[in-house]
Amino acid sequence: MIDIQQISKKYKGADNFSVSNFNLTIADQEIFGLLGPNGAGKTTIISILCSLIKPTSGSFSIAGLTYQKNKNELKQLIGIVPQEYALYPTLTAFENLKYFGSMYGLNGKSLDTKINTALEHLGLLAFSHKKIDTFSGGMKRRINLIASVLHNPNVLFLDEPTVGVDIQSKNVIIEYLNDLNQNGTTIIYTSHHLNEAENFCSRVAIIDHGKLVVEGKPQELIEQHLGAHNLEDVFINITGKALRDHA
Amino acid sequence: MHKLWASTYKEFLLLTRDVGGIAILFVMPLVLIVTITLIQDSTFKTITDSQIPILVVDKDQGDVSKIILEGLKESGTFEVITKTDEIAARDLVFKGKYQLAIIIPENLTSSLEQKVNQNVDGIIAKFGLEETEDPLVKPEVLGKEVTLYFDPATQLTFKSAVKNGIDKMISKIETQSIYKAFQAQISDDPSEIIFETDTFITFKEVLPTDNDKEMIPNSVQHNVPAWTLFAIFFIIVPLSINIVKEKSQGTFVRLRTNPVSYATVLGGKTLVYLVVCLIQFVLMLSIGVFLFPAIGLPTLDVSGRMPLLFVVATFAGLAAIGLGLLLGTIAKTQEQSAPFGATFVVILAALGGVWVPVFVMPKVMQALSHISPMNWGLNAFYDVFLRNGSFTDILPEISLLFAFFITTTLIAIIYNEKKNAV
Chain A
1 MIDIQQISKK YKGADNFSVS NFNLTIADQE IFGLLGPNGA GKTTIISILC
51 SLIKPTSGSF SIAGLTYQKN KNELKQLIGI VPQEYALYPT LTAFENLKYF
101 GSMYGLNGKS LDTKINTALE HLGLLAFSHK KIDTFSGGMK RRINLIASVL
151 HNPNVLFLDE PTVGVDIQSK NVIIEYLNDL NQNGTTIIYT SHHLNEAENF
201 CSRVAIIDHG KLVVEGKPQE LIEQHLGAHN LEDVFINITG KALRDHA
Chain B
1 MHKLWASTYK EFLLLTRDVG GIAILFVMPL VLIVTITLIQ DSTFKTITDS
51 QIPILVVDKD QGDVSKIILE GLKESGTFEV ITKTDEIAAR DLVFKGKYQL
101 AIIIPENLTS SLEQKVNQNV DGIIAKFGLE ETEDPLVKPE VLGKEVTLYF
151 DPATQLTFKS AVKNGIDKMI SKIETQSIYK AFQAQISDDP SEIIFETDTF
201 ITFKEVLPTD NDKEMIPNSV QHNVPAWTLF AIFFIIVPLS INIVKEKSQG
251 TFVRLRTNPV SYATVLGGKT LVYLVVCLIQ FVLMLSIGVF LFPAIGLPTL
301 DVSGRMPLLF VVATFAGLAA IGLGLLLGTI AKTQEQSAPF GATFVVILAA
351 LGGVWVPVFV MPKVMQALSH ISPMNWGLNA FYDVFLRNGS FTDILPEISL
401 LFAFFITTTL IAIIYNEKKN AV
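Written as structure tokens, this is what we have:
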């Protein structure tokens with residue numbers, strides 16, 4: 001489904017590569033977790049795969065398509081849930097979703113039905129005509145998610161989709177993502193919540209300093225690392241305990 | 001097409017949700033046009049209700065100073081306050097208490113009479129009409145100076161107008177004195193009219209006509225198009241902020257991953273903001289037509305011109321929107337786009353002739369004014385409002401405005417593509 005070949009990225013003015021010679025293959029219908037400390041390169045990889053930034057070198061394809069040749073088909077095929085709330089604060093939840101759905105060519109009653117179904121699924125139907133700027137962080141995260149999946153994407157990229165939300169909102173989001181996955185959507189997500197990733201992902205990759213350090217099923221990785229009881233132990237083993245502050 | 005409509009509707013919603021923003025967008029230009037017209041109307045009128053107080057120190061106390069004082073009073077522009085001390089008058093003016101002090105020198109009347117009589121005697125003698133005194137004993141009459149003190153803060157245009165007015169008044173007094181001297185020399189009967197002292201050369205202003213009716217320009221005919229254009233171009237500030245906001249709040253990131261072109265996104269903004277421009281335009285015209293006469297200002301005459309005025313407003317609006325799209329695309333923060341946009345509009349207005357007519361500008365600025373879209377718009381408006389122009393007359397200007405819109409929008413799209421190329 002996703003084939004990444006030797007991707008590197010160095011930002012203008014940066015001393016080091018944010019991503020360096022990164023190779024990865026993700027199969028259809030996987031729930032793949034990109035894990036790593038702050039500044040490891042997770043968001044950069046997601047941004048490259050979503051055509052938001054250009055890699056310095058290397059190539060990748062999604063379902064055999066590339067942005068250079070099949071830009072619009074590829075955009076129709078993917079969905080992205082950005083880390084920030086990419087919503088219009090003064091529009092209602094319904095108006096936001098209607099607009100972003102329209103951008104995928106959806107319209108009319110079928111779009112309205114899709115919006116209402118998703119809102120209901122994520123417990124927001126009662127708030128559909130409230131403005132986004134009156135929503136809590138958890139509610140905004142859920143609307144942010146719906147805005148990215150109305151067109152039934154084959155691949156869904158999520159950048160920290162559960163950051164800053166309460167446990168209830170997190171459970172609803174994870175449950176919804178599992179449903180999407182069971183209906184055929186491949187999910188690639190980044191997170192700092194390692195317990196969540198351990199339970200949610202079918203496979204994970206731990207990256208550090210822009211390089212792929214290890215990949216595999218969470219349970220396999222735990223077993224491979226002596227003394228590790230969970231994915232967090234594996235993560236600390238690999239990335240160390242030093243702070244990763246950077247400017 | 002559906003995506004364009006959805007983008008347009010979204011822009012409409014975003015705009016209408018910001019009630020304060022809309023109020024500013026529509027009310028402030030109206031406040032601007034009323035204020036400017038009220039201020040400028042007084043300078044357009046020859047007789048004003050509010051007279052400028054000036055000081056006069058009359059050291060002459062003769063016929064000439066009396067004529068000067070009467071002339072100043074009759075002009076209706078000045079409220080003449082007489083003073084006796086030149087130094088005190090000068091100090092008051094230099095401290096900004098008064099705009100002007102006129103000092104009429106001592107013996108102006110007698111010196112002028114003496115000088116004119118000497119000249120007339122000389123001429124009469126040349127013609128052998130009268131015996132003359134020995135030229136060697138003719139006393140020398142020194143020239144007299146009328147001193148003007150201006151407040152240093154006084155604008156140059158006011159200074160020039162006052163100087164020209166006084167100069168004209170003095171020339172007239174001199175001419176009349178000469179006629180009077182000749183009259184006294186030639187005839188013993190003072191009631192006999194030998195010279196016609198009425199002005200022989202007069203001038204006549206011919207104005208464009210519309211259905212044989214003269215189109216007399218007034219402050220409103222000048223101000224409404226100029227300041228309407230200024231307000232229309234100010235749309236670049238909220239429009240560029242709108243685009244920058246999309247980038248900062250993350251919605252632009254989402255749109256970049258959506259299968260929608262940047263041209264479509266900009267298209268939605270263009271349509272909504274064009275409607276805003278046209279509503280602004282209608283409101284400004286309404287002020288000119290309905291409010292101005294009610295507050296004692298001249299009425300804006302739009303009879304028979306509405307279709308052409310809308311054409312000009314549409315193309316001027318497009319040019320302004322193109323600039324706003326480009327600025328919003330290039331700017332990274334609102335701190336960049338808002339001050340730059342506002343200042344740039346003021347520069348374009350200055351270059352375009354909104355404040356100072358282009359013909360009085362230095363040559364370099366005149367050349368530069370031709371590249372200001374506001375100048376094209378203003379000329380098109382003047383063609384319709386003041387020159388009774390037709391569609392053919394405004395075609396060059398509206399073509400330039402449209403070309404400007406296309407060019408700026410294309411640059412914005414290309415810039416965005418290049419910046420976000422993958």
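So the protein sequences, as listed, match chains A and B. If you're matching positions, the first sequence starts at 1 in the UniProt record's numbering and goes up one per residue. If you're matching positions, the second sequence starts at 1 in the UniProt record's numbering and goes up one per residue. Backbone N, C-alpha and C fix where the C-beta goes; we use that ideal spot for every residue, glycine too.
Closer than 8 Å at the C-beta level to chain B, one finds these residues of the stretch 84-110 of chain A: GLU84, TYR85, ALA86, LEU87, TYR88, PRO89, THR90, LEU91, GLU95, LYS98, TYR99, PHE100, SER102, MET103, TYR104, GLY105, ASN107. Burial is judged here by how many other beta carbons sit within 10 angstroms of a residue's own beta carbon; B/ILE394 has at least 16 and is buried. Rounded to the nearest whole angstrom, the C-alpha separation of B/VAL141 and B/GLN118 is 9 Å. B/LEU148 carries a strand assignment under DSSP once its states are collapsed to helix, strand and coil. In the structure shown, A/ARG141 falls within a helical segment according to DSSP collapsed to helix, strand and coil. Using a Cβ distance threshold of 8 Å, B/VAL93 and B/VAL56 do not count as a contacting pair.
Counting along the chain, the unbroken alpha helix (DSSP H) around B/THR407 starts and ends at 391-419. Remark: C-beta atoms of A/HIS121 and A/TYR176 approach each other more closely than 8 Å.
When Cβ-Cβ separations below 8 Å define contact, B/ALA23 makes no contact with chain A. For B/LYS269, no Cβ of chain A is located within less than 8 Å of the residue's own Cβ. In the three-state DSSP reduction, A/VAL163 falls in the coil class, being neither helix nor strand.
Secondary structure note for A/ASP28: it is in no beta strand (DSSP E), with a DSSP letter that is neither H nor E.
In the structure shown, the three-state DSSP call for B/LEU55 is strand.
Pairing B/THR157 with B/LEU266 gives a Cβ-Cβ distance that is not under 8 Å. Look at the stretch 232-259 of chain B: the residues with a C-beta under 9 Å from a C-beta of chain A are GLU246, GLN249, GLY250, THR251, PHE252, VAL253, ARG254, LEU255, ARG256, THR257, ASN258, PRO259. When secondary structure is reduced to three states using DSSP, B/LYS97 falls in the coil class, being assigned neither helix nor strand. Interface residue (Cβ-Cβ distance to chain A less than 8 Å): B/LEU266 is not classified as such.
Residue contact check for A/LEU194 against chain B: no CB pair falls below 8 Å. B/ALA6 has a beta carbon lying within less than 8 Å of a beta carbon in chain A. For B/LYS419, no CB of chain A lies under 8 Å from its own CB, so it is not counted at the interface with that chain.
Listed along the chain, the chain A residues whose CB falls inside 9 Å of the CB of B/ASP18 are THR90. DSSP places A/ALA205 in the strand class (E or B) of the three-state scheme.
By the rule that beta-carbons nearer than 8 Å mark a contact, B/LYS3 touches chain A. Chain-order list of chain B residues neighbouring A/LYS75: THR257, ASN258, PRO259, by C-beta distance under 7 Å.
Residue contact with chain B for A/ASN72: present (Cβ-Cβ distance below 8 Å to some residue of chain B). Contact annotation, B/LEU351 with B/MET365: C-beta distance approximately 7 Å; criterion of less than 8 Å satisfied. In terms of Cβ geometry, B/ILE54 and B/LEU100 form a close pair [threshold 8 Å].
Secondary structure note for B/ILE243: it is in no beta strand (DSSP E), and the uninterrupted alpha helix (DSSP H) holding it is 236-248. Against B/LYS10, the close residues of chain A are TYR88, LEU91, GLU95, TYR99, in the order they occur along the chain (beta-carbon pairs closer than 8 Å). Sequence-ordered contacts of the stretch 146-169 of chain A with chain B read ALA147, SER148 [C-beta pairs closer than 8 Å]. Of all residues in the stretch 391-405 of chain B, none places a beta-carbon less than 9 Å from a beta-carbon of chain A.
Residue range 63-75 is occupied by the alpha helix (DSSP H) that includes B/VAL64. Looking at the DSSP output, A/THR190 bridges to A/LEU34, A/ASP159.
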